[in-house]
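Counting the sequence shown from 1 gives a position; this note's numbering is that position plus 15. For each residue, glycine too, the CB sits at the ideal point set by N, CA and C.
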Amino acid sequence: MVTTGSLTFTRTPPAPAAFAQLRADCGWGLLPVDVARRAIAGGLINITCYDGDILIGCGRVVGDGVIYFYLQDIIVHPSYQGRGIGRQIVERLVMESKQMIPSEGTIGLLAVHGKEAFYEQIGFTSRPTSTVGAGMSMHVTKQQP
Ligand SMILES: CC(C)(COP(=O)(O)OP(=O)(O)OC[C@H]1O[C@@H](n2cnc3c(N)ncnc32)[C@H](O)[C@@H]1OP(=O)(O)O)[C@@H](O)C(=O)NCCC(=O)NCCS
């Protein structure tokens with residue numbers, strides 16, 4: 016746990032309801048709390064940031080914990096953006112991922128449109144380049160019964 020001013024950074028996973036609410040506060044829709052709980056349980060590394068006991072930022076890494084690490088859910092509450100919190104969250108996730116890589120590995124992410132420069136400042140390379148292709152993804156939506 017690291018405290019900077021009134022903010023505290025921890026490596027503890029967020030409470031599912033607070034995580035779901037933070038995502039919703041950034042316009043990502045409200046995950047059912049049970050879905051949030053299962054998603055968090057499947058992650059490798061978490062960084063959370065609190066103002067007092069209120070969750071105001073988070074980020075997590077999913078992957079195999081050896082050679083592949085993917086950043087997900089990098090979120091800072093809109094009222095706290097622009098203060099360096101997101102950068103600290105990403106830098107801590109990268110540092111912890113690097114510690115788990117035995118000799119060579121990949122740390123990746125799929126940036127939201129317009130956020131590429133934020134990650135480039137921290138050391139990520141936007142794809143495609145002359146040697147690697149674009150990142151790709153498939154979004155799946157299921158009809159609820
Ligand atoms: C993206 C996000 C996490 C950034 O967090 P933040 O705390 O506001 O960012 P920081 O204050 O740490 O910014 C770090 C640096 O990135 C820059 N930056 C922040 N957002 C940026 C953007 N969209 N484009 C370019 N640069 C950006 C800042 O200017 C700052 O630069 P500096 O260090 O030279 O001053 C935050 O805006 C957020 O939660 N957005 C909504 C959710 C989201 O889109 N998450 C990203 C999913 S890929």
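Cβ-Cβ separation, residue j to residue i (assumed contact under 8 Å), whole Å
| i | j | result |
| --- | --- | --- |
| residue 80 | residue 115 | 6 Å |
| residue 137 | residue 105 | 5 Å |
| residue 73 | residue 62 | 7 Å |
| residue 211 | residue 66 | A query on residue 211 cannot be resolved here, the shown segment of the chain reaching from 16 to 160 and no further. |
| residue 139 | residue 124 | 7 Å |
8 Å Cβ cutoff met for residue i and residue j
| i | j | result |
| --- | --- | --- |
| residue 29 | residue 86 | no |
| residue 39 | residue 45 | yes |
| residue 142 | residue 129 | no |
Heavy atom of ligand 1 within 7 Å of residue i beta-carbon
| i | result |
| --- | --- |
| residue 73 | no |
| residue 98 | yes |
| residue 158 | no |
| residue 84 | no |
| residue 102 | yes |
DSSP three-state assignment for residue i, whether helix, strand or coil
| i | result |
| --- | --- |
| residue 98 | coil |
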